[in-house]
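Data block below; observations after.
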Amino acid sequence: YCPSSYRDVLREVRLKDIIVVVAAGNDANQSNRFIPANCNDVIAVSAVDLNKQLTSYSNFGNSIDVAAPGGRDDIDSDTNGFVDAILSLSAEVGGGGLNYRYNYRFGTSMAAPHVSGVFALMLAVNPNLSAGEIEQMLISGLLTDDLGISGTDNIYGNGLINARKAVTA
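For the sequence shown, this note's numbering gives the first residue as 3, with consecutive numbering after it.
Right under this line is the structure:
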């Protein structure tokens, strides 16, 4: 299910050779009704933890295209003294302006920017890549490490994004 208003906009954006990367959602749900991740013309990202396992919160299903680190705020698997979340810059209004600070965050909204960043690195190396070429490289496994069952699956999609492989590809 993808509302026609989403379908129309996403189709138009894709025709302009733009890749839209979206978070799968944090409902621990296999339903294919998480919008816009279930729409065509997007790259839907699930979240994995430090052990490359689907996080307990990440949505999954046949809409997933790729997995990326999403973090967790309830465990310190590597015993470094910090939770296994993603360190992220945030801003709060106060004192006559914005106050910036780093916070630990987790979620598929932390995983999706990893994928966007990798795509940006690819375009920095080769600005002539089209959205379709990047998507075909993703589908063919050139940008990922395969996790789970061999090939595309409903948890990791085409695998865990790998920046080195992507930039090399």
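A virtual CB, placed ideally from N, CA and C, is assigned to each residue, including glycine.
On a predicted model such as this, the values are computed, not experimentally measured, just so you know.
Looking at residue j and residue i, is the spacing between their C-beta atoms short of 8 Å?
{"i": "Thr146", "j": "Ile157", "result": "no"}
{"i": "Ala87", "j": "Phe108", "result": "yes"}
{"i": "Val44", "j": "Val68", "result": "no"}
{"i": "Asn40", "j": "Leu12", "result": "no"}
{"i": "Ala30", "j": "Ser48", "result": "no"}
{"i": "Tyr106", "j": "Leu89", "result": "yes"}
{"i": "Val169", "j": "Val127", "result": "yes"}
{"i": "Val50", "j": "Pro71", "result": "yes"}
In or out: residue i buried (at least 16 other Cβ within 10 Å) or exposed?
{"i": "Phe36", "result": "buried"}
{"i": "Asp10", "result": "exposed"}
{"i": "Ser60", "result": "buried"}
{"i": "Phe62", "result": "buried"}
{"i": "Arg74", "result": "buried"}
{"i": "Ile21", "result": "buried"}
{"i": "Ile66", "result": "buried"}
For residue i, which three-state DSSP category applies?
{"i": "Gly159", "result": "strand"}
{"i": "Ile136", "result": "helix"}
{"i": "Arg35", "result": "coil"}
{"i": "Val50", "result": "strand"}
{"i": "Asp147", "result": "strand"}
{"i": "Arg16", "result": "helix"}
{"i": "Tyr8", "result": "helix"}
Any heavy atom of the ligand NAP closer than 7 Å to the Cβ of residue i?
{"i": "Ser60", "result": "Absent from the structure shown: the ligand NAP. Ligands present: none."}
With DSSP as the reference, identify every bridge partner of residue i, one or two as the case may be.
{"i": "Thr170", "result": "Its beta-bridge partners do not exist; DSSP assigns none."}
{"i": "Val120", "result": "Paired residues: none, contrary to the question."}
{"i": "Asn64", "result": "Note: Asn64 sits in no beta bridge, so no partner."}
Using a Cβ-Cβ cut-off of 8 Å, state whether residue i counts as contacting chain B.
{"i": "Asp76", "result": "Although the question refers to chain B, the structure presented lacks it and comprises just one protein chain."}
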